[in-house]
Amino acid sequence: MEDRLRHILLVDDEPETLRLLRKVVQAEGYSVQEAADGVEALSIYRQRVPDLMLLDIIMPRLDGMAVLREVRSHNAITGIIMVSALTSEKLTLEAMQAGADDYVSKPFPLKELRTRISQVIEKVRLRQENAQLQRRLDEANARIKALFERYTSAPVAEQLMSQAEMPQLGGEIQEITVLFVDIRGFTPLAEVLDPRELVQILNTYLAIAADAMLKAGGTVDKFMGDSAMAMFNAPARQPDHVWRALQTAADIQKGQHVLRETAGNQGLSFGIGLHTGKALVGNIGTAQLMNFTAIGDCVNVAQRLQAMSHGGQVLLSADSYRHVFSAVEVRSLGETRVRGRSEPITVYEFLGFKGEK
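Spelled out as structure tokens, the structure:
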């Protein structure tokens, strides 16, 4: 921090003491303001926060201890030296515990007072530098977090930022709900539209999907062309993860009208599938490049259900339905075989939440 003229507020109800303090402080090259009691001191303080306060204890209207506590309630940087004719060890301890940097008894040797002021000013300088460094660190962390969140979900970014060590490969088996969403009618559109128009449609679609996923607290796992995957209950635990996934699906379907307007009423729609089950969740890849993702049958089934869905449909498995059966309206589609599974699974079409109009 660059050198600057330090500002000191002198507070004492004795004019002679103020005169002596002013003489000492100005001789050291500091700028000075004065107050005759605690009320005046706080009024001046609020207009201009000083680097240091020399604060008498016994004063009319508002004593020095009250001023000390008020300043320290929100300001840990300004230096405060208590100045008093009282030499009680108990009072000194009370002042130091309340946040005073030093305690000087009247009458004070001028040389000692200069030394005490110099020492506390140095403390203040270090505090100000540390506060500035902390602000820079907080700003840098905020920029890094914002950058992370452009490439991964906020829960994953927060987890990475909170870890003291570099993330390691591997994960743990846990129950999650996986949601896959795909835009129906997009592939034929890609054959006839200008690439710039196509990107505009795709970005609108991705925004609808991602906004709904993040709003419900989901972790956006990946975008794959005109498809997207999200998982719930990881990395943060969410007891209502199936409900969150269904809320996401409902919000995405509500966004269809926005997508159609952007696409010029091309008849585009969303197909969504979700499934609940065990998966390995963690960092997958290499030591140099890894993704936080989910691996396992749970992911495969959700993707298969999404592939089975028609435009505007939300399909969920019985494993998901059993978590929310009392809160949702569904239509059973019976059993169906899913590629990669030896046994058929029961599939339901999500129609809405009970009580919704």
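Note that the sequence shown covers residues 239 to 595 in the working numbering. Note that the Cβ used here is the ideal one computed from N, Cα and C, for glycine as well.
Please state the DSSP three-state secondary structure of N529. Judged by DSSP in its simplified three-state form, N529 adopts strand.
Using C-beta distances below 7 Å, list every residue in its chain close to I490, excluding the 5 sequence neighbours before and after it, in chain order. Here the set comprises V419, I446, A447, A450, F508, I510.
Which partner residues does E410 have in the DSSP bridge list? Secondary-structure assignment with DSSP links E410 through a beta bridge to V519.
If we ignore side chains and look at the alpha-carbon of each, how far apart do V458 and L293 end up? Each residue's Cα considered, the two are about 56 Å apart.
Below 8 Å CB to CB, which residues in the same chain sit around L431 once its five sequence neighbours on both sides are set aside? Excluding residues within five positions, the ones whose Cβ falls inside 8 Å are I439.
Considering only the alpha carbon of each residue, which of Q485, Y283, F424, L371 lies closest to V309? Of Q485, Y283, F424, L371, the residue nearest in Cα terms is Y283.
S558 and T415: beta carbons closer than 8 Å? Remark: C-beta atoms of S558 and T415 approach each other more closely than 8 Å.
8 Å CB neighbourhood of V437 in its chain, flanking five on each side removed: Leaving aside the five residues that flank V437 on each side, none in its chain has a CB nearer than 8 Å to its CB.
What residue range is occupied by the uninterrupted beta strand (DSSP E) comprising M303? M303 -> not in any beta strand (DSSP E); alpha helix (DSSP H) instead, spanning 302-310.
Is it buried or exposed, D339, if we count other Cβ atoms within 10 angstroms and call 16 or more buried? Result: buried.
Rank S564, A565, T574, G549 by C-alpha distance to the C-alpha of S555 and give the top, closest one. Cα-wise, what sits closest to S555 is T574.
How far does the beta strand (DSSP E) with A468 in it reach, from first residue to last? Start and end: 465-470.
Near E410, what residues of its chain come up, given a Cβ to Cβ distance below 8 Å and the 5 sequence neighbours on each side ignored? Excluding positions up to five away in sequence, the list reads L518, V519, G520.
Please report the straight-line C-alpha distance between T442 and P426, rounded to a whole angstrom. Rounded to whole angstroms, T442 to P426 spans 18 Å at the Cα level.
Measure the beta-carbon distance from G229 to L306 and round it to whole angstroms, keeping in mind my assumption that it falls under 8 Å. Residue numbering for the chain in the displayed model covers 239 to 595; residue 229 lies beyond these limits and cannot be assessed.
With G590 as the anchor, note down where its beta strand (DSSP E) starts and where it stops. Start and end: 583-591.
T514 (DSSP reduced to helix, strand or coil): Three-state DSSP puts T514 in a strand.
When DSSP labels each residue in this structure, what does L247 get in the three-state scheme? If DSSP states are grouped into helix, strand and coil, L247 belongs with the strands.
My parser needs the beta strand (DSSP E) runs of 3 or more residues fully inside the segment 316-352; what are they? List check, beta strand (DSSP E) in window: 317-322, 340-343.
On the premise that L553 lies in contact with V576, defined as a C-beta separation below 8 Å, what is that separation, rounded to the nearest angstrom? V576 to L553, Cβ: 11 Å. No contact.
Given that a residue counts as buried once 16 or more other Cβ atoms are within 10 Å of its Cβ, and exposed if not, what is M462? Exposed, by the Cβ-count rule.
If you draw a straight line from the alpha carbon of K261 to that of R244, how long is it in whole angstroms? Spanning the two alpha carbons is a distance of roughly 15 Å.
Hey, how far is the Cα of H561 from the Cα of G523? Cα to Cα, H561 sits roughly 32 Å from G523.
Leaving out five residues on either side along the sequence, give the residues of the same chain with a beta carbon under 6 Å from the beta carbon of R422. Closer than 6 Å at the Cβ level, and outside the excluded window around R422, lie S507, G509, G549.
In the DSSP assignment, the beta strand (DSSP E) including E594 goes from what residue to what residue? Segment: none, E594 is in no beta strand (DSSP E) and carries neither H nor E.
Selection from S465, H495, A488, G455 that minimises the alpha carbon distance to D478: Among S465, H495, A488, G455, the Cα nearest to that of D478 belongs to G455.
Report, in whole angstroms, the separation of the C-beta atoms of K344 and S322, which I expect to be a contact under 8 Å. The beta-carbon distance between K344 and S322, rounded to whole angstroms, is 6 Å. This is short enough to meet the 8 Å contact definition.
Below 6 Å CB to CB, which residues in the same chain sit around N471 once its five sequence neighbours on both sides are set aside? Excluding sequence neighbours, N471 sits near I414, H479.
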